[in-house]
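Only one structure is covered here, and it is reproduced in the block below.
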Amino acid sequence: MIFKKKFVALALSSLVLGGCFSDDDNLNLSAGDVFLLTDANQLASLNRDNPSQLRTSTQLSGFMSSGEVAIGMDFRPFNGKLYVVTKDASDVGRAYTVNTSTGALTFIATLVADPADDSPGNAAYATLLGDNFGVDFNPAADALRVVSDAGQNLRIFLDNDRRATKTAGQTITDLEINGGPANAETTGAAYTNSFDGTSGTRLFDIDTVNSRLVQQNANPGTLTDIAPLGVSATAVNGFDIDPETNVGYALLTVGASKGLYTVRIPDAAETLPIATNAAALLGNVNISGNVIGLALELNKNPTVVGLNGTLTAPTLFSFTLRTPNTISTPVAVTGLAAGDQLLGIDVRPATGELYGFVRNGTNGKLYTINPDTGASTLKSSLSNANTAGAALVFDAAKVYSIDFNPAADRLRLVSSGNGDGENYRINVDTGATIVERDQTAAPGGDPAGGDLRSDAGAPTPAAVDFSVTQIAYTRNFSSTIRPAPSTRMFDIDSVNSTLLQQLPPNTGLLRQIGAVGGGGLNNFAGFDVVGGDDGARVIAGRIGTTGPYSLFDINLSTGAAMPAGALIGAGATNQIGGGTGPADLRDLAIIYNQQ
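12 is the number of the first residue of the sequence shown in our numbering; add one for each residue after it.
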């Protein structure tokens with residue numbers, strides 16, 4: 012790959028607000044949800060729904076060296092702080108945190124070569140190389156990625172809070188950027204799933220020379236062509252990806268205008284490259300000078316809500332993905348009617364509300380529940396939408412599981428059973444319930460060791476035991492920016508401790524993915540997926556029928572499970588609530604709403 016050196020003069024003028032706004036006009040506005048950084052060391056903010064209005068502007072202060080300039084920034088999912096990377100006249104790199112209100116910098120470290128750097132074929136880090144840089148945190152590794160138009164590809168550790176063997180500023184020089192479109196220059200970089208506790212992420216770059224979106228295999232530096240932007244961008248002034256919706260946002264210079272664009276990030280299973288243009292203009296940004304960084308504010312990280320207790324005395328508690336062994340004080344669920352039994356919970360992506368499925372006798376109802384207080388409100392009573400007046404019978408001997416289809420905004424409800432596992436699709440606003448075909452294995456399919464789906468002939472129940480007790484959909488988000496997400500439905504078979512895919516969900520046909528865990532897990536009490544790029548895929552499981560459950564991250568391609576929160580820190584475990592944690596856990600639901 013050939014990298015063209017560019018000279019970018021540092022803008023010495025102060026930031027100018029566009030339209031009728033002056034530097035004084037925005038002093039009373041709160042900060043926006045998008046932060047911009049200029050090479051004149053100015054930090055500004057705007058809202059993505061109104062990019063033409065800058066809301067705040069401040070000058071960075073507190074540099075360690077005169078002549079030091081910022082080259083990029085990003086919010087760190089681990090602690091929510093905004094980090095700025097700089098270089099001085101000698102190309103020495105430094106890292107700071109910044110107060111987004113005042114612009115005051117706090118020095119973190121000078122970048123130095125990591126003595127453990129054993130990347131083949133590259134000299135150890137000495138200085139920053141290039142004129143245009145992309146800066147973004149890897150949320151899974153908690154390391155800062157810096158790429159440049161000179162092909163430099165760095166991995167930077169910023170403290171030893173999570174790694175006792177690392178010192179702040181230690182930098183690994185990974186392999187130079189290579190492959191991808193001819194003569195590519197990567198000047199914008201962004202990871203998916205930027206939230207604390209994610210176990211999976213992908214790195215995307217913007218190639219300025221070819222105006223294309225590319226994916227980078229992070230450490231080897233290899234690029235894969237993804238899609239045309241659809242605009243001829245002469246500069247990428249910043250790039251970031253919303254961790255909840257997987258929508259990319261880029262500040263691009265096209266012609267004489269700077270604009271905020273959405274960038275469509277493909278699903279992991281899509282065939283590449285994609286012919287459809289990836290970028291779409293949201294609006295022009297009225298800012299002078301050379302913008303060299305964009306970062307989406309990270310408001311919060313996912314919270315896991317657990318349903319515990321007896322059927323008639325349920326409680327809710329919560330914890331973070333990073334620290335499942337530390338849970339909140341449980342609160343009682345109140346507002347249920349006499350005879351109500353709360354069986355399962357899930358978050359509705361369209362509204363962000365927590366829903367609960369209740370059985371009363373053989374009837375079904377839905378409640379919304381305040382996860383902080385436990386107060387519940389009746390939403391609807393379930394009725395048969397197939398046959399008016401026909402009863403829906405919810406058997407007390409069965410286990411029921413719910414999960415929202417984020418694309419259809421319908422609630423999926425299934426039951427345990429062998430050959431008679433019920434399969435419902437519910438309009439939660441009205442309670443109208445479509446009775447779908449029971450969950451089945453096609454002839455020749457065996458949940459204990461075979462493919463459950465047959466494309467030939469009508470499906471019939473297989474003469475084998477299987478019982479679905481937990482379900483989850485992927486792509487659990489709702490967005491007004493991007494189309495309804497492509498989603499898949501997965502099931503946990505508790506008889507054989509296997510991960511299944513229900514494909515298609517309405518037919519009830521099941522296909523085996525693989526054994527869950529391999530460590531003897533045989534009792535499950537929760538399954539949920541969160542993150543725009545399915546960054547957390549968690550199950551609660553245990554061996555046997557007593558004691559607390561543990562939190563695991565499950566591989567949706569293989570079924571393999573590993574303890575969630577691999578970097579949770581010394582002394583922490585993945586046991587929910589620790590050794591004396593909840594032993595009557597019934598379900599889990601993850602709340603994640605950035606807006």
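Idealized CB from N, CA, C, for every residue including glycine.
Buried versus exposed, by CB contacts within 10 Å (16 or more), aspartate 125
Answer is buried; the Cβ neighbour count reaches 16.
Go ahead and pull the three-state DSSP assignment for asparagine 434.
Secondary structure of asparagine 434 (DSSP, three-state): strand.
Proximal residues to alanine 575 (C-beta, below 6 Å), its chain only, five neighbours per side dropped:
Listed in chain order, the non-local C-beta contacts of alanine 575 below 6 Å within the same chain comprise Val549, Leu562, Phe563, Asp564 and Asn585, local neighbours out to five positions each way being set aside.
Within the continuous beta strand (DSSP E) that includes proline 325, where are the two ends?
Segment 324-331, the beta strand (DSSP E) holding proline 325.
Closest Cα partner of serine 387 within the set Val342, Val425 and Glu447
Nearest of Val342, Val425 and Glu447 to serine 387, Cα basis: Val342.
Enumerate in chain order the residues of its own chain whose CB-to-CB distance from serine 130 is below 8 Å, with the five nearest sequence positions on each side excluded.
Within its own chain, the residues whose Cβ lies closer than 8 Å to the Cβ of serine 130, once the five positions on either side in sequence are excluded, are Ile183, Thr184, Asp185, Leu186 and Asn230, listed in chain order.
Contiguous beta strand (DSSP E) assignments of at least 3 residues, all confined to the region 191-250:
If one requires a minimum length of 3 residues, the beta strand (DSSP E) runs lying completely within the region 191-250 are 197-202, 214-218, 223-228 and 233-239, in chain order.
Considering only residues of the same chain and omitting the five flanking positions on each side of valine 540, which have a CB-CB separation below 6 Å?
Cβ neighbours of valine 540 beyond the five flanking positions: Ala483, Thr485, Asn487 and Arg548.
Looking only at C-alpha atoms, which of Glu281, Gly442 and Leu510 sits nearest to aspartate 544?
Among Glu281, Gly442 and Leu510, the Cα nearest to that of aspartate 544 belongs to Glu281.
So what's glycine 355 in DSSP terms, helix, strand or just coil?
Three-state DSSP puts glycine 355 in a strand.
Backbone CA spacing between valine 123 and alanine 137 [nearest angstrom]:
When rounded, the distance between both Cα atoms is 7 Å.
How far does the beta strand (DSSP E) with tyrosine 439 in it extend, from its first residue to its last?
It is worth fixing the name first, because residue 439 is valine in this sequence and not tyrosine. Boundaries cannot be given for valine 439, as no beta strand (DSSP E) includes it and DSSP labels it neither H nor E.
If distances are taken between C-alpha atoms only, which option among Ser56, Phe501 and Pro382 comes closest to serine 41?
Answer by Cα proximity: Ser56.
Outcome for asparagine 397 when other beta-carbon atoms lying within 10 angstroms are tallied against a minimum of 16:
An exposed status is given to asparagine 397, since fewer than 16 other beta-carbon atoms sit within 10 Å of its beta-carbon.
Residues in the same chain with beta-carbon distance under 7 Å from methionine 573, minus the five sequence neighbours each way, listed in chain order, please.
Here the set comprises Phe563 and Asp564.
Please specify which runs of the beta strand (DSSP E), each continuous and at least 3 residues long, are wholly inside the region 272-322, giving them in chain order.
Here the runs fully enclosed are 290-295, 302-307 and 314-321.
Tell me whether valine 315 counts as near the ligand GTP, meaning its Cβ is closer than 7 Å to at least one heavy atom of that ligand.
Questions concerning the ligand GTP fall outside what the structure shown contains, since it holds no ligand whatsoever.
Does the structure place the region 249-259 close enough to the region 152-165 that three or more beta carbon pairs sit under 8 Å?
Touching, no, given that fewer than three Cβ pairs across the two stretches are closer than 8 Å.
Could you tell me whether the region 331-340 touches the region 353-361, using the rule of 3 or more Cβ pairs below 8 Å?
No: the two stretches stay apart, fewer than three of their Cβ pairs being nearer than 8 Å.
Span of the beta strand (DSSP E), counted from its first residue to its last, around aspartate 595
That residue, aspartate 595, is in no beta strand (DSSP E); it is neither H nor E in DSSP.
Classify proline 1 as helix, strand or coil using the three-state DSSP reduction.
Any answer about residue 1 is impossible in this case: the structure gives the chain only from 12 up to 606.
Using the three-state DSSP reduction, which class does tyrosine 378 fall into: helix, strand or coil?
Strand.
Go through its chain and collect everything with a Cβ distance to glycine 317's Cβ below 8 Å, but skip five positions before and after it.
Within the same chain, glycine 317 has close Cβ partners Leu327, Phe328, Ser329, Phe330, Ile338, Gly537, Ala551, Ile587, Pro593, Leu596, Asp598 and Leu599.
Secondary structure at tyrosine 603, three-state DSSP: helix, strand or coil?
Tyrosine 603: coil per DSSP, three-state reduction.
Alpha carbon to alpha carbon, what distance is there between leucine 521 and proline 454?
Bear in mind that the predicted position of proline 454 carries a pLDDT of just 46, short of 50, making it too unreliable to give a figure here.
Residue(s) in a DSSP beta bridge with valine 344
Paired residue(s): none; valine 344 is not in a bridge.
Candidates Leu403, Thr273 and Gln227, of which the one nearest threonine 491 by Cα
Nearest C-alpha to threonine 491: Thr273.
Cβ atoms of isoleucine 237 and tyrosine 202: under 8 Å apart, would you say?
No, the Cβ-Cβ distance between tyrosine 202 and isoleucine 237 is not below 8 Å.
So glutamine 512 and methionine 500 are supposed to be a Cβ contact under 8 Å. How far apart are they, rounded?
Rounded, the Cβ-Cβ distance is 7 Å, consistent with contact.
Quick check on the DSSP output: the beta strand (DSSP E) that includes glutamine 478 runs from which residue to which?
Rather than glutamine, the amino acid found at residue 478 in this sequence is serine. Where serine 478 is concerned, there is no enclosing beta strand (DSSP E), given that its DSSP letter is neither H nor E.
Between the Cα of asparagine 416 and those of Thr441, Val358 and Gly191, spot the shortest distance and give me the residue it belongs to.
Ranking the options by Cα distance to asparagine 416, first place goes to Val358.
Less than 8 Å separating the beta-carbons of phenylalanine 368 and leucine 305?
When the beta-carbon positions are compared, phenylalanine 368 and leucine 305 stay at least 8 Å from each other.
Give the secondary structure of phenylalanine 535 by DSSP, where H, G and I count as helix, E and B as strand, and everything else as coil.
If DSSP states are grouped into helix, strand and coil, phenylalanine 535 belongs with the strands.
Select from Leu71, Asp142 and Ala135 the residue whose C-alpha is nearest the C-alpha of threonine 108.
The option with the nearest alpha carbon to threonine 108 is Leu71.
In whole angstroms, give me the CA-to-CA distance for alanine 246 and threonine 212.
Between alanine 246 and threonine 212, the C-alpha separation is close to 25 Å.
Which residues DSSP lists as bridging threonine 388, in chain order
Per the DSSP secondary-structure output, threonine 388 pairs in a beta bridge with Thr379.
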